[in-house]
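In the numbering used here, the protein residues as written are -10 to 358.
Where a beta carbon is used, it is the ideal one built from N, C-alpha and C, also for glycine.
On a predicted model such as this, the values are computed, not experimentally measured, just so you know.
Below: one structure, written as structure tokens.
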Ligand SMILES: [Zn+2]
């Protein structure tokens, strides 16, 4: 029986200015692997204590070893090259600046190393609470990395590329489950693309049929977790609308157009959904979440520093419970606090207060389950 993890969070936490500097200096060869690792170890240990003190139901390592939320995947797997994205997302960014470059699949994908073992081992060694590891979705990596004219020289179809990525991810997840990781979360900023006509028209221009692509994406994200021994583990998917520097987002609109297919067909135990702004629309699509699954409401924003009112969050949960049973809901922030190295404009204290609010409201609404 898997715990309901009522007080959840998406995973990434703020890095200290020293750690950010060390990461940047390490990239330039000015800080050794060992020195960076030592600094990360100390900060991760502290961030594990913080999560324990706050009382979250599942703990991450804050993704503090990562330069960004996708982590080591594109480094541990050869075959990617940085390049222009196949389609342009409408990145809304109040600070200006460029959207991130894409990792294009240009060669057959080959895994060179495990990409989350160091994170998982350290996390397991430093807490006896349930542990979460996050990984990018196969459908995301292919949506952003499959470029007709380039990738089809290596993988003839999107579906072939999806199968290759899913197989690599599945092997990693299988190892993590065998090593005792309690909770695997697949992060996916791609499904909300299907809410944006501006993205779909670009796919059509590239010869990609959105309807077929959605079916292929769901099949690949299911292949990622197919046949694994999940009896004692939780497998979740986070639907992401973009996060970085408190500013970025790229997708808006209700989950309605994709809800029936995604919530109904994705073989995941829970869905972490952004619900921190009106851009996410109403709770009606939650009626498509099968009763055995949990919808984690991302009602607390990691993008603004002001602390939400607990009354308001409770009222929003009550509204959501009109469309799916209360015991099929849980609570979290809408996304991580630091999907990028620099993270959002939220101080460590504010981050802690927001996580404490998640726990406080979760205990009030669902008790200590
Ligand atoms: Zn997100």
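- Taking residue 209 as reference, the option from 129, 27 and -4 with the minimal CA-CA separation is 129.
- DSSP, read as helix, strand or coil, puts residue 172 in strand.
- Remark: the shortest separation between the CB of residue 178 and any heavy atom of ligand 1 falls under 8 angstroms.
- For the pair residue 100 and residue 295, the Cα-to-Cα distance works out to about 42 angstroms.
- In this structure, 179 is the residue among 61, 113, 114 and 179 with its C-alpha nearest to the C-alpha of residue 131.
- Counting only residues of its own chain and dropping the five nearest sequence neighbours on each side, residue 254 has a CB closer than 6 angstroms to the CB of 207.
- The secondary-structure analysis by DSSP pairs residue 232 with nothing; it has no beta-bridge partner.
- According to DSSP, residue 259 shares a beta bridge with 225 and 283.
- Taking non-hydrogen atoms of ligand 1 into account, the C-beta of residue -1 is found less than 8 angstroms away from one of them.
- Secondary structure note for residue 69: its beta strand (DSSP E) is the uninterrupted segment 66 to 72.
- For residue 301, the uninterrupted alpha helix (DSSP H) run begins and ends at 299 to 309, by DSSP.
- Of the candidates 234, 298 and 279, 234 places its Cα closest to the Cα of residue 336.
- For residue 126, same chain residues with a beta-carbon under 6 angstroms away, outside a window of 5 residues either side, are 175, 177 and 210 in chain order.
- Under the DSSP assignment, residue 26 falls in the alpha helix (DSSP H) whose first and last residues are 22 to 43.
- By the neighbour-count criterion, in which 16 or more other beta carbons inside 10 Å mark a residue as buried, residue 327 falls on the buried side.
- Exclusion of the five residues before and after residue 149 leaves no residue of its chain whose Cβ lies closer than 7 angstroms to its Cβ.
- Taken through DSSP and simplified to helix, strand or coil, residue 315 comes out as helix.
- In the DSSP annotation of this structure, residue 162 is not part of any beta strand (DSSP E); the continuous alpha helix (DSSP H) holding it starts and ends at 147 to 167.
- With fewer than 16 other beta carbons inside 10 angstroms of its own, residue 17 counts as exposed.
- Between ligand 1 and residue 232, a heavy atom-to-CB distance of less than 8 angstroms is present.
- According to the DSSP assignment, residue 199 belongs to no beta strand (DSSP E) but to the alpha helix (DSSP H) extending over 199 to 212.
- Here the segment 111 to 121 makes no contact with the segment 61 to 71; the two share fewer than three CB pairs at distances below 8 angstroms.
- With a beta-carbon spacing of about 5 angstroms, residue 112 and residue 50 fall inside the 8 angstroms limit used to define contacts.
- Residue state for residue 195 is assigned as coil, using DSSP reduced to three classes.
- Nearest in C-alpha terms to residue 204, of all of 249, 273 and 297, is 249.
- Here residue 196 is exposed. Its C-beta has fewer than 16 other C-beta atoms within 10 Å.
- Its Cα nearest to that of residue 271, the residue 313 stands out among 26, 313, 292 and 232.
- Residues 60, 61, 122, 124, 161 and 165 of the same chain have their beta carbon placed closer than 8 angstroms to that of residue 105, with the five preceding and five following residues left out of the count.
- Annotated three-state conformation of residue 190 is helix, per DSSP.
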